[in-house]
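Asker:
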Amino acid sequence: MDRGRRGRTRAEVVPAHAHLVGIAGRGMSGLAQMLVRRAVKVTGSERDVGPIVDRLRRLGVRVHAGHAPPAWPRAAGWLICAPEIGRAHPDRLVADRLGIARGSPLRWLKHLNPPCIGLAVAGRRDAGAASAMIGWTLVRAGLDPTVVLGRAVPQLGGWARLGSGSHFVVEAIAGPDGLGPLGPAVAVLLDVPPGIGSGPAATAEALRQFAASVPPAGLIVAREGSGPVEEALRGLATTVERIALERGSDWWGADLREERGRFRFRVFRRGRFAVEIRLQVPGLRNVRSALAAVAACNRLALPTADIKQGLEEFDGLSRDFESRGSYRGVTLIDDECQDAPAVSETLAIGRQVFGPRRLWAVFLAAEAGIAPEDVGPLLAALAVADHVLVTEGRPTAASDPGASGGRSLVRSLLETGVRARWMASLDDAICDLDRHLEPGDVLLTVGAGDVGTIADAFIRRLSR
Numbered sequence: 001m002d003r004g005r006r007g008r009t010r011a012e013v014v015p016a017h018a019h020l021v022g023i024a025g026r027g028m029s030g031l032a033q034m035l036v037r038r039a040v041k042v043t044g045s046e047r048d049v050g051p052i053v054d055r056l057r058r059l060g061v062r063v064h065a066g067h068a069p070p071a072w073p074r075a076a077g078w079l080i081c082a083p084e085i086g087r088a089h090p091d092r093l094v095a096d097r098l099g100i101a102r103g104s105p106l107r108w109l110k111h112l113n114p115p116c117i118g119l120a121v122a123g124r125r126d127a128g129a130a131s132a133m134i135g136w137t138l139v140r141a142g143l144d145p146t147v148v149l150g151r152a153v154p155q156l157g158g159w160a161r162l163g164s165g166s167h168f169v170v171e172a173i174a175g176p177d178g179l180g181p182l183g184p185a186v187a188v189l190l191d192v193p194p195g196i197g198s199g200p201a202a203t204a205e206a207l208r209q210f211a212a213s214v215p216p217a218g219l220i221v222a223r224e225g226s227g228p229v230e231e232a233l234r235g236l237a238t239t240v241e242r243i244a245l246e247r248g249s250d251w252w253g254a255d256l257r258e259e260r261g262r263f264r265f266r267v268f269r270r271g272r273f274a275v276e277i278r279l280q281v282p283g284l285r286n287v288r289s290a291l292a293a294v295a296a297c298n299r300l301a302l303p304t305a306d307i308k309q310g311l312e313e314f315d316g317l318s319r320d321f322e323s324r325g326s327y328r329g330v331t332l333i334d335d336e337c338q339d340a341p342a343v344s345e346t347l348a349i350g351r352q353v354f355g356p357r358r359l360w361a362v363f364l365a366a367e368a369g370i371a372p373e374d375v376g377p378l379l380a381a382l383a384v385a386d387h388v389l390v391t392e393g394r395p396t397a398a399s400d401p402g403a404s405g406g407r408s409l410v411r412s413l414l415e416t417g418v419r420a421r422w423m424a425s426l427d428d429a430i431c432d433l434d435r436h437l438e439p440g441d442v443l444l445t446v447g448a449g450d451v452g453t454i455a456d457a458f459i460r461r462l463s464r
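Mind the numbering: the sequence shown is residues 1 to 464 in my numbering, read in order.
1) Would you mind working out which of V139, G235, A340, G329 sits nearest G157, comparing C-alpha positions?
2) On the three-state DSSP scale, how would you describe I134?
3) Between D441 and R357, how many whole angstroms is the CB-CB distance? I'm expecting something under 8 Å.
4) Can you give me the Cβ contacts of A292 inside the same chain, cut-off strictly under 7 Å, excluding the 5 residues immediately before and after it?
5) What three-state label does DSSP hand H67 in the structure shown?
6) Would you say I277 and E312 are within 8 Å of each other, going by their C-beta atoms?
7) Quick check for students: name the residue ranges of the alpha helix (DSSP H) that lie wholly in the stretch 231-304, counting only runs of 4 or more.
8) Going by the CB atoms, is the gap between A296 and Q338 shorter than 8 Å?
9) Output needed for F314: all residues of its chain with C-beta closer than 6 Å, excluding positions within five of it in sequence on either side, in chain order.
10) Taking just the CA atoms, how far does L31 sit from R8?
11) Measuring alpha carbon to alpha carbon, tell me which residue in E415, A274, R26, L332 is nearest A305.
12) Residues in its own chain within less than 6 Å of T146 by CB, not counting five upstream and five downstream?
13) First and last residue of the beta strand (DSSP E) that includes E322?
14) In the DSSP assignment, find the beta strand (DSSP E) that holds T156 and state where it starts and stops.
15) Counting only the same chain and skipping the five closest in sequence on each side, list residues whose C-beta sits under 7 Å from that of R260.
16) Assess, as a yes-or-no matter, whether the stretch 406-413 is touched by the stretch 427-446 under the definition of 3 or more beta carbon pairs within less than 8 Å.
17) Just to check my reading of the structure: G466 and I85 have Cβ atoms closer than 8 Å, yes? What is that Cβ distance to the nearest angstrom?
18) So, W422 versus V390, is the Cβ gap smaller than 8 Å?
19) Hey, quick one: how far does the beta strand (DSSP E) through R102 stretch, first residue to last?
20) For H19, would you say it is in contact with chain D, using Cβ-to-Cβ distances shorter than 8 Å as the test?
21) Under DSSP, the beta strand (DSSP E) around L79 begins and ends at which residues?
22) Look at T346 and V446 and say whether their C-beta atoms are less than 8 Å apart.
23) Using the rule of at least 16 other Cβ atoms within 10 Å of the residue's Cβ for burial, across every protein chain shown, is D126 buried or exposed?
24) Within a Cβ cutoff of 6 Å, which residues of the same chain sit near I173, ignoring the five residues on either side of it in sequence?
25) For F485, collect the residues of the same chain with a Cβ closer than 7 Å to its Cβ; drop the 5 residues on either side in sequence, then sort them by chain order.
26) Using a Cβ-Cβ cut-off of 6 Å (strictly less than) and excluding sequence neighbours within five positions of H387, which residues of its own chain qualify?
27) Give the straight-line distance between the Cα atoms of G66 and P181, rounded to the nearest whole angstrom.
28) Hey, how far is the Cα of G417 from the Cα of A340?
29) Where I100 and P73 are concerned, what is the direct C-alpha to C-alpha distance, given to the nearest angstrom?
30) Out of curiosity, what's the CA-to-CA distance linking E392 and V375?
31) Do you know how far the Cα of A160 is from the Cα of G310?
32) When you compare each of H17, R319, R124 to I196 by their alpha carbons, which one comes out closest?
33) Put V362 into one of helix, strand or coil per three-state DSSP.
34) May I ask you to report which of helix, strand or coil DSSP gives R461?
35) Assuming R474 and F263 are in contact, meaning their beta carbons sit under 8 Å apart, how far apart are those beta carbons, in whole angstroms?
36) In the DSSP assignment, find the beta strand (DSSP E) that holds V353 and state where it starts and stops.
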């Protein structure tokens, strides 16, 4: 990644002050933390204040809800905009007027990494886990990598770590202008990332450009069976190694044994046994991510024992079926899943892990509403729980009580026999749960936004 800067020092490309617009966006918080680690003054703006902003503030980042005070972008050496930030955003207009260097996270990631062995991982949820697994395995092997992720990983100290080694691991950033950073020595392509391109043709071109940027001497690790991924790889000179859970790929997982949602499995490469791994993190999705990590780390010539140790010690991402502790005998689990397939997988993992225990699901419906085609799959997914609370996080307008997609979802759940209730706010949900939860229950909070703060609220009560 950005190999043309050999001989240039890190200090020459790092500003004294960077201002990030949309600082809580995917990839942006990791970039912010990396800049803080490099002793850069970081300010930012974000539409809403939530847990990510709170954590950034604890790192010393000044974040303003809404448009930042004009003095912040004026004083910055860099202005970095999240992919969704439009041209008319006030912070961008200030930067344009003053001639401040401005660009996307992808552009500035290129400036921040020194000559290195770059690894970029692209996909959906599996990409976050795979990139974190690779980063942690390199750390445990003593290689001291630099890592930038889309979601925080407690073992790695958050969204990013700054290392002195020669490896740079990044969860690829997707946006309307493409996917990157480009030119990694090893690219892992597991799925089509959300938010990539402005349409099907642009998405296909972005995938193709990302794959084609890997040098001929590099490696692409690809998940078997994805049509868009296979199309992007067609005709490339770079070596491609495919992964799957079925025999016949370059790498495959076999002899899967599940115990309370966690898998022990054997990894084979081209018909020969490579390693046996027992994961701490539950779910089949993490088996696929671990397969990708094995293939990538093997390319880096890590000893098998180091790969096995790193993957078996890895204990997960924040908000990825994350155990938040317990409250009066109730187990607290939090997951960021948003779409119906992810919700279904997460609740299925809940059943695998906790068996017949009473399962409560609190689902935060998206502010934009629930698309009609998603209602059926969400009904099937949430029906796995014994009790379901649905909220949109903020009180809805009393003048239009029927307009909420969350309320409609609750009505549909009740019609199918699921015990479900609508909660006008997270505070209402917390009060309802406090009345009805019993020792031995499992509380699973699912969705984007602030729903994970429900666990925080209960944990704070224990310290009083």
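Glycine is no exception: its CB is placed at the ideal position from the N, C-alpha and C atoms.
Answerer: Once the coordinates are examined:
1) Along the sequence shown, read from residue 1 onward, the residue named residue 157 stands at position 157. Closest option to G157, Cα to Cα, is V139.
2) The count along the sequence shown starts at 1 and reaches residue 134 at position 134. Residue state, collapsed to three classes: helix.
3) Along the sequence shown, one-based indexing puts residue 441 at 441. Along the sequence shown, one-based indexing puts residue 357 at 357. That belief holds up - the Cβ atoms of D441 and R357 are roughly 7 Å apart, short of 8 Å.
4) What you label residue 292 is simply residue 292 of the sequence shown in a count that begins at 1. Beyond the five residues adjoining it in sequence on each side, A292 comes within less than 7 Å, by CB distance, of A130, V188, L190, V221, I243 in the same chain, given in chain order.
5) Sequence index remark: in the sequence shown, residue 67 carries index 67 (1-based). Looking at H67 - three-state DSSP - the assignment turns out to be coil, as it is neither helix nor strand.
6) The residue you call residue 277 lines up with position 277 of the sequence shown. The residue you call residue 312 lines up with position 312 of the sequence shown. Taking 8 Å as the Cβ cut-off, I277 and E312 qualify as a contacting pair.
7) Listed in chain order, they are 284-299.
8) As a first step, residue 338 is located in the sequence shown; it is residue number 338 there, counting from the start. As a first step, residue 296 is located in the sequence shown; it is residue number 296 there, counting from the start. Contact flag unset, no.
9) Along the sequence shown, read from residue 1 onward, the residue named residue 314 stands at position 314. The residues are M133, W136.
10) For the purposes of this step, residue 8 is taken as residue 8 along the sequence shown, with counting starting at 1. For the purposes of this step, residue 31 is taken as residue 31 along the sequence shown, with counting starting at 1. Caution is warranted here: a pLDDT of 36 is assigned to R8, below 50, making its placement in the model unreliable, and the coordinate value is therefore given only provisionally. As the crow flies, the alpha-carbon of R8 is around 20 Å from that of L31.
11) Counted from its first residue, the sequence shown places residue 305 at position 305. A305 has its Cα closest to that of A274, out of E415, A274, R26, L332.
12) Looking up residue 146 in the sequence shown gives position 146. If the five residues before and after T146 are omitted, its C-beta is found closer than 6 Å to the C-beta atoms of L162, G163, F168, all from its own chain and listed in chain order.
13) Here the question's residue 322 lines up with position 322 in the sequence shown. E322: member of the beta strand (DSSP E) spanning 322-327, first to last residue.
14) Locating residue 156 in the sequence shown gives position 156, where the first residue counts as 1. Note on residue identity: the sequence assigns Leu, not Thr, to residue 156. Neither: L156 is in no beta strand (DSSP E) and is coded neither H nor E.
15) Mapped onto the sequence shown, residue 260 falls at position 260. Apart from the 5 residues on each side of it in sequence, R260 sits with its Cβ closer than 7 Å to the Cβ of Q352, V353 in its chain, given in chain order.
16) Counting C-beta pairs with one atom in each stretch, the stretch 427-446 and the stretch 406-413 have fewer than three that are closer than 8 Å, which means they do not touch.
17) As shown, the chain starts at 1 and ends at 464. That puts residue 466 outside it, with no answer to give.
18) Counting from one through the sequence shown, the residue named residue 422 turns up at place 422. Counting from one through the sequence shown, the residue named residue 390 turns up at place 390. Using a Cβ distance threshold of 8 Å, W422 and V390 count as a contacting pair.
19) Counted from its first residue, the sequence shown places residue 102 at position 102. Bounds of the beta strand (DSSP E) holding R102 are 101-103.
20) No chain D appears in the structure shown, which is made up of a single protein chain.
21) What you label residue 79 is simply residue 79 of the sequence shown in a count that begins at 1. The continuous beta strand (DSSP E) containing L79 extends over residues 78-81.
22) For the purposes of this step, residue 346 is taken as residue 346 along the sequence shown, with counting starting at 1. For the purposes of this step, residue 446 is taken as residue 446 along the sequence shown, with counting starting at 1. Using a Cβ distance threshold of 8 Å, T346 and V446 count as a contacting pair.
23) Walking along the sequence shown from the start, residue 126 turns up at place 126. Counting Cβ neighbours within 10 Å, D126 comes out buried, since at least 16 surround it.
24) Indexing the sequence shown from 1 puts residue 173 at position 173. Closer than 6 Å at Cβ, skipping near neighbours: G27, P105, L106.
25) Coverage of the chain is limited to positions 1 through 464, which leaves residue 485 absent and any answer about it impossible.
26) Taking the sequence shown and counting its residues from 1, the one referred to as residue 387 is at position 387. Cβ neighbours of H387 within its own chain (closer than 6 Å, five residues either side excluded): W360, R419.
27) For the purposes of this step, residue 66 is taken as the residue at position 66 of the sequence shown. For the purposes of this step, residue 181 is taken as the residue at position 181 of the sequence shown. So the two alpha carbons sit approximately 28 Å from each other.
28) Within the sequence shown, numbered from 1, the residue matching residue 417 stands at position 417. Within the sequence shown, numbered from 1, the residue matching residue 340 stands at position 340. Separation of G417 and A340 (C-alpha to C-alpha, rounded to the nearest whole angstrom) is 19 Å.
29) Position 100 of the sequence shown holds residue 100. Position 73 of the sequence shown holds residue 73. Their Cα atoms are separated by approximately 8 Å.
30) Indexing the sequence shown from 1 puts residue 392 at position 392. Indexing the sequence shown from 1 puts residue 375 at position 375. Each residue's alpha carbon lies about 15 Å from the other.
31) The sequence position of residue 310 within the sequence shown is 310, counting from 1. The sequence position of residue 160 within the sequence shown is 160, counting from 1. Cα to Cα, the separation comes out at about 18 Å.
32) Taking the first residue of the sequence shown as position 1, residue 196 is located at position 196. Among H17, R319, R124, the Cα nearest to that of I196 is on R124.
33) As a position in the sequence shown, residue 362 is number 362, starting the count at 1. In the displayed model, V362 falls within a strand according to three-state DSSP.
34) If you number the sequence shown from 1, residue 461 lands on position 461. In the three-state scheme derived from DSSP, where H, G and I count as helix and E and B as strand, R461 is classed as helix.
35) Absent from the model: residue 474. The displayed extent of the chain is 1 to 464, so no value can be given.
36) Taking the sequence shown and counting its residues from 1, the one referred to as residue 353 is at position 353. Boundaries around V353 are those of the alpha helix (DSSP H), 340-354, since no beta strand (DSSP E) includes it.
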